[in-house]
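The listed protein sequences correspond, in order, to chains A and B. Everything in the first sequence is counted per this note's numbering, starting at 1 for the first residue and increasing by one. Everything in the second sequence is counted per this note's numbering, starting at 297 for the first residue and increasing by one.
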Amino acid sequence: MSVTALDLPAVVRRSRARRFLRRFPMSSRLAALLLLAYLLIALTGSLWSPYDPFEAGTGLPYSGASGSHLFGTDILGRDVFSRVVYGTRDVLYLALTSTFIATVVGGLIGLASGLVGGWVDELLMRLFETIISIPLLVLALLAIAAAGPKASGSSPLLIGVVVLVYAPRIARMARAVAVDLVTRDFVTVARSRGESVRSIVWRELTPNAAGVLLVEFGVRAGYAPILISSLGFLGFGARPPSPEWGLMISENRAALITAPLTVLAPSAALAVLVISLNLVTDGIARALGRSAERTP
Amino acid sequence: MILRLIAQRLALAVGTLLVVSALVFLFTSVLPGDIAERVLGRESSAQQRQIFRKHLHLDDPVWKRYGVWIGDVARGDLGRSLVNNETVTATIGTSAKNTLFLSVFAFVLYLPVTLVLATLAALFRGKLADSVISVITLVGLSVPEFVLGTLLIFGFAVHLSLAPALSIVNPGDGLFTRLHATVLPAVTLMVAMAVYAIRMLRDNLIDVLDSEYVRMATLKGVPRWRVVARHALPNAVGPALNVTALNLTYLIGGVVVVESVFSYPGLGKMLVDSISVRDVPVVEATALLASAVYIVANLIADVLAMVLNPRLRTA
Numbered sequence: 001m002s003v004t005a006l007d008l009p010a011v012v013r014r015s016r017a018r019r020f021l022r023r024f025p026m027s028s029r030l031a032a033l034l035l036l037a038y039l040l041i042a043l044t045g046s047l048w049s050p051y052d053p054f055e056a057g058t059g060l061p062y063s064g065a066s067g068s069h070l071f072g073t074d075i076l077g078r079d080v081f082s083r084v085v086y087g088t089r090d091v092l093y094l095a096l097t098s099t100f101i102a103t104v105v106g107g108l109i110g111l112a113s114g115l116v117g118g119w120v121d122e123l124l125m126r127l128f129e130t131i132i133s134i135p136l137l138v139l140a141l142l143a144i145a146a147a148g149p150k151a152s153g154s155s156p157l158l159i160g161v162v163v164l165v166y167a168p169r170i171a172r173m174a175r176a177v178a179v180d181l182v183t184r185d186f187v188t189v190a191r192s193r194g195e196s197v198r199s200i201v202w203r204e205l206t207p208n209a210a211g212v213l214l215v216e217f218g219v220r221a222g223y224a225p226i227l228i229s230s231l232g233f234l235g236f237g238a239r240p241p242s243p244e245w246g247l248m249i250s251e252n253r254a255a256l257i258t259a260p261l262t263v264l265a266p267s268a269a270l271a272v273l274v275i276s277l278n279l280v281t282d283g284i285a286r287a288l289g290r291s292a293e294r295t296p
Numbered sequence: 297m298i299l300r301l302i303a304q305r306l307a308l309a310v311g312t313l314l315v316v317s318a319l320v321f322l323f324t325s326v327l328p329g330d331i332a333e334r335v336l337g338r339e340s341s342a343q344q345r346q347i348f349r350k351h352l353h354l355d356d357p358v359w360k361r362y363g364v365w366i367g368d369v370a371r372g373d374l375g376r377s378l379v380n381n382e383t384v385t386a387t388i389g390t391s392a393k394n395t396l397f398l399s400v401f402a403f404v405l406y407l408p409v410t411l412v413l414a415t416l417a418a419l420f421r422g423k424l425a426d427s428v429i430s431v432i433t434l435v436g437l438s439v440p441e442f443v444l445g446t447l448l449i450f451g452f453a454v455h456l457s458l459a460p461a462l463s464i465v466n467p468g469d470g471l472f473t474r475l476h477a478t479v480l481p482a483v484t485l486m487v488a489m490a491v492y493a494i495r496m497l498r499d500n501l502i503d504v505l506d507s508e509y510v511r512m513a514t515l516k517g518v519p520r521w522r523v524v525a526r527h528a529l530p531n532a533v534g535p536a537l538n539v540t541a542l543n544l545t546y547l548i549g550g551v552v553v554v555e556s557v558f559s560y561p562g563l564g565k566m567l568v569d570s571i572s573v574r575d576v577p578v579v580e581a582t583a584l585l586a587s588a589v590y591i592v593a594n595l596i597a598d599v600l601a602m603v604l605n606p607r608l609r610t611a
């Protein structure tokens, strides 16, 4: 039987949590606070943002920063500050939901595949490797094009696309973990007890792969906002009048000279979010004694 | 032994490419909307459309069309663009050359920047220089290419007027004109690649600098720069080569965004444009080419790793 956090006495668990926190570096703690702020803005922004993000003509177009428009206005006279605030909700929702689904789906498939082995494993891994060998962004663009103009820009499509490009990559990693775990005694014992694949994956493999999967989730979640906003920037992501940041940057790019804040504000919001996500992931990885490997 | 392994990888790569081609074809063949209506316009008669569909075999089942298409591709015939009726090979050729130029330019910038910054960070580990480089690389890998590109335009094109905001190149341009036109996108791609490699190479270098043979060299009285250049770097570069190969594969996706930011007429922009206007043959060919380059780059990475690390050859 595997030892999971739940089996341990409360004292051990508490000291584990304390040790985890102690190993959590300062920069990651600050980043965690920033992430918390992003979450708060996403959840409560609609209550206090000064303007409706879709309302045109709240001021003169490209009027620049002022007391009533902190980041100025865009070409339609919409308040950029309110749009950045509302965009937080969209970007966070899309990035976290899609990465979470991809980690669960990819993780479970990968673990099961590594456990079952044989031709099922072989076939799945060949399939995933094929999908991985289409460059990430190219695959995302193809999938969006295939979904057609009607679905284009909808949240389910964007989430689906991120899952499509992430899940095979996560599955391949989870499978590598499973292949290592299945040689351990507790899996052999569970197998000889006659436990089902589902039960072994859930009760023996998942708790032991949780650390790896958590770090992987963090690394992917750090890249998801970039992917989603890149699609928005290219015109294949969120659709106007959405306040998604990538789309906003692309819409306001023409005004880079006259009203630079309309571009710089969403850029900064995006960059700080991704930096925070990456720092928190690095902290978690270090506290767990792993490394957060990022490949281009 | 190693030749057989390479042959195996090669066969696997060809197989993968074949399946990729089927996937790409499947994706593009479900593109909704009547291609005939789009190409011929709304005023076209039903009969015209039918002739068009028949001409392109659009009413055949998918597997049959795939068979015809992949057969043509194998013979080097990629079809004709639906937009300008030129052969896809001709349409893609110029773009591919432009992308190759940009990639090589970015790569030439990438190598020295990575080597210098990683070495500096490793030598001054824990000191100010290391922290600064660490922060820069973290920011670098957190800022999307299109934001970085836009910021570069803002700084160097708008404010300093040092480089053009749009990378417009013409066929007759000389080398210097081209370099000047593409310096901002090349720097954008370089930064996106270098940030990963710098972190990787720094960590490797630190491991190597702690090793006994480096301490031995230092104790022998070998000058510091020589220890780094002759003893440490060659041994640290091996694992980092893998990141460089991965960076090559990154370039293929990276150019899609970067070329669009700077309106540079390369393959990446062509893919985005052809998807927008649903020019199916061009989309298929571009996506297939991108995947082929990706697979080849990965193959080279695998083989390089095997050549450099004998332990992998037994696999």
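From the three backbone atoms N, C-alpha and C, an ideal C-beta is built for every residue, glycine too.
Burial state of residue i, where buried means 16 or more other Cβ atoms lie within 10 Å
i	result
A/Met1	Only weak support is given to the placement of A/Met1: the predicted model assigns it a pLDDT of 46, under 50, and the value that follows is read from those uncertain coordinates. By the neighbour-count rule (16 or more Cβ atoms within 10 Å), A/Met1 is not buried but exposed.
A/Ser301	Nothing about residue 301 of chain A can be reported from this structure: the residues present for chain A run from 1 to 296 only.
A/Ser192	exposed
A/Trp245	buried
B/Ala611	Its pLDDT being 46, under 50, B/Ala611 is placed unreliably in this model, and the coordinates cannot settle the point.
B/Tyr492	buried
B/Thr410	buried
A/Tyr93	exposed
B/Ala583	buried
A/Phe71	buried
B/Met496	buried
B/Ala303	exposed
A/Tyr223	buried
B/Pro467	exposed
B/Met489	buried
B/Lys565	buried
B/His527	buried
B/Val358	exposed
A/Ala73	Note that residue 73 of chain A is Thr in the sequence shown here, rather than Ala. Answer is buried; the Cβ neighbour count reaches 16.
B/Ser377	buried
A/Arg19	exposed
B/Asn381	exposed
A/Met26	exposed
First and last residue of the uninterrupted alpha helix (DSSP H) at residue i
i	result
A/Arg274	Sequence inspection shows Val at residue 274 of chain A; the Arg mentioned does not correspond to that position. Unbroken alpha helix (DSSP H) run through A/Val274: 261-287.
B/Trp359	358-370
A/Arg169	155-181
A/Asp121	118-132
A/Phe54	It is not in any alpha helix (DSSP H) - A/Phe54 carries neither H nor E in the DSSP assignment.
B/Asp506	First-last for B/Asp506: undefined, no H or E at that position.
A/Ala210	206-234
B/Thr324	298-325
B/Lys423	Per DSSP, B/Lys423 belongs to no alpha helix (DSSP H) and is neither H nor E.
A/Trp48	26-48
B/Phe442	441-448
A/Ala140	136-151
B/Ser463	No alpha helix (DSSP H) contains B/Ser463, which DSSP labels as neither H nor E.
Integer-rounded CB distance, given that residue j should sit under 8 Å from residue i
i	j	result
B/Thr478	B/Phe401	6 Å
B/Ala581	B/Val310	The pair is not a contact, with the Cβ atoms about 18 Å apart (cut-off 8 Å).
A/Val215	A/Thr295	The pair is not a contact, with the Cβ atoms about 13 Å apart (cut-off 8 Å).
B/Phe450	A/Pro260	6 Å
A/Pro241	A/Phe54	5 Å
A/Ser133	B/Ile464	Not confirmed; about 33 Å, so no contact.
B/Leu567	B/Val552	6 Å
A/Val274	A/Pro225	6 Å
B/Leu416	B/Ile432	That pair is no contact at about 11 Å.
A/Leu136	A/Val201	So it is not a contact: roughly 27 Å between Cβ atoms.
A/Arg239	A/Ser152	7 Å
B/Asn394	B/Gly562	4 Å
A/Thr97	A/Ile170	In fact, because the Cβ distance is near 15 Å, the residues do not count as touching under 8 Å.
A/Gly211	A/Leu288	5 Å
Inset, instruction - Taking only beta carbons into account, state which residues of the region 426-448 of chain B come closer than 8 Å to chain A, listed in chain order. - result: Leu434, Val435, Leu437, Ser438, Val439, Pro440, Glu441, Phe442, Val443, Thr446, Leu447
Inset, instruction - May I ask you to list, following chain order, the residues of the region 171-184 of chain A that have a beta carbon less than 7 Å from some beta carbon of chain B? - result: none
Legend entry - Interfacial residues, the region 112-143 of chain A to chain B, with Cβ spacing under 7 Å: Glu129, Thr130, Ser133, Ile134, Pro135, Leu136, Leu137, Val138, Leu141, Leu142, Ala143
Inset, instruction - Scan the region 459-476 of chain B for residues whose Cβ lies nearer than 9 Å to a Cβ of chain A and list them as they occur along the chain. - result: Ala461
Legend entry - Three CB pairs or more closer than 8 Å across the region 132-145 of chain A and the region 566-573 of chain B: yes
Legend entry - Touch test, the region 164-179 of chain A against the region 241-255 of chain A, Cβ-Cβ under 8 Å, three pairs minimum: no
Inset, instruction - Please name the residues in the region 550-575 of chain B whose beta-carbon is closer than 9 Å to at least one beta-carbon of chain A, in chain order. - result: Gly550, Val552, Val553, Ser556, Val557, Gly564, Leu567, Val568, Ile571, Ser572, Arg574
Inset, instruction - Quick one: which residues of the region 586-607 of chain B get their C-beta closer than 8 Å to a C-beta of chain A? List them in chain order. - result: Ala586, Ser587, Tyr590, Ile591, Asn594
Inset, instruction - Decide yes or no for the touch test of the region 431-444 of chain B against the region 502-515 of chain B: beta carbon pairs closer than 8 Å, at least 3 of them. - result: no
Inset, instruction - Give, in chain order, every residue of the region 254-275 of chain A whose Cβ lies closer than 7 Å to some Cβ of chain B. - result: Leu256, Ile257, Pro260, Val263, Ser267, Leu270, Ala271, Val274, Ile275
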